[in-house]
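Inspection log for the structure reproduced underneath, given as structure tokens.
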Amino acid sequence: MSREHNFIAEVKREKLTCNDDTVADLYDLTTNVLSSHGYEIYEISNYAKPNSQCQHNLIVLECSGLAGIGPGAHGRFTIPENRRWHSQTRRSPDGWLSSVQKEQHGIEIQNEDYISDFAKEIIIMGLRLTSGIELPDWLIGKSDFINLNWLDEFEKDGFITFNKNHIRVTKNGRLHLNSIVSKLLN
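With the numbering used here, letter number 28 in the sequence shown gets 30, and the count goes up by one each step, no holes.
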């Protein structure tokens with residue numbers, strides 16, 4: 003489809019939109035069709051055959067460390083005392099290679115994340131996983147990072163399950179994930 007096609011223009015003008023019920027129905031249909039073919043949902047928008055989940059996606063969503071090595075790569079790593087760092091290598095392949103040859107690395111940006119940003123990342127990314135997340139001890143009771151007061155209401159509404167430090171969004175809760183995350187982070 004060319005960029006000049008009416009479809010693209012209508013999307014840009016927001017003429018092609020679905021109401022929330024239609025979006026929810028399409029989401030359920032997608033899940034049902036894929037499930038009938040042996041696929042399991044492991045993340046709000048990713049499906050895979052058992053034991054075939056994309057490991058890169060899981061590493062990112064679990065906020066695990068990853069090395070950013072090639073041109074334009076992003077890295078995330080945590081050092082003791084829950085200090086979280088991110089890095090970005092030079093985007094240009096030629097610039098990256100030149101930097102590696104001169105400095106033994108291609109890192110262009112390396113910064114320590116604020117602990118509040120790390121807390122938000124854990125919530126935003128982790129709740130996308132159907133397995134849920136284990137909240138680290140340092141995050142429990144940090145009302146300035148996340149608002150855990152909503153957990154009881156979300157559980158009562160059937161949107162989440164919550165046990166000690168583990169939060170998991172239910173099938174019904176997936177349809178409300180943006181709202182859940184927004185309320186937890188405000």
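Cβ atoms here follow ideal geometry from the backbone N, Cα and C, with glycine treated the same way.
Applying the 10 Å Cβ sphere with the 16-neighbour rule, what's the burial state of residue i?
| i | result |
| --- | --- |
| residue 171 | buried |
| residue 175 | buried |
| residue 92 | buried |
| residue 71 | exposed |
| residue 63 | buried |
| residue 108 | buried |
| residue 56 | exposed |
| residue 183 | buried |
| residue 69 | exposed |
| residue 156 | buried |
| residue 85 | exposed |
| residue 20 | exposed |
| residue 147 | buried |
| residue 128 | buried |
Which class does residue i belong to by DSSP, given the choice of helix, strand or coil?
| i | result |
| --- | --- |
| residue 156 | helix |
| residue 16 | coil |
| residue 147 | coil |
| residue 8 | helix |
| residue 188 | coil |
| residue 24 | helix |
| residue 165 | strand |
Whose C-alpha, out of the options, is nearest the C-alpha of residue i?
| i | options | result |
| --- | --- | --- |
| residue 173 | 20, 9, 27 and 14 | 27 |
| residue 130 | 179, 30 and 20 | 179 |
| residue 186 | 166, 124 and 177 | 124 |
| residue 117 | 67, 17 and 83 | 83 |
| residue 40 | 29, 86, 46 and 53 | 53 |
| residue 95 | 24, 80 and 73 | 73 |
| residue 151 | 188, 14 and 122 | 188 |
| residue 134 | 45, 33, 115 and 34 | 45 |
Say whether the segment 135-144 touches the segment 153-161, bearing in mind that this needs 3 or more beta-carbon pairs closer than 8 Å, one atom from each stretch. no
Ranges of the alpha helix (DSSP H) found wholly within the segment 57-143, counting only runs of at least 4: 57-63, 95-105 and 117-128
Which runs of the beta strand (DSSP E) fall wholly inside the segment 27-58 and span at least 3 residues, in chain order? 42-45 and 48-50
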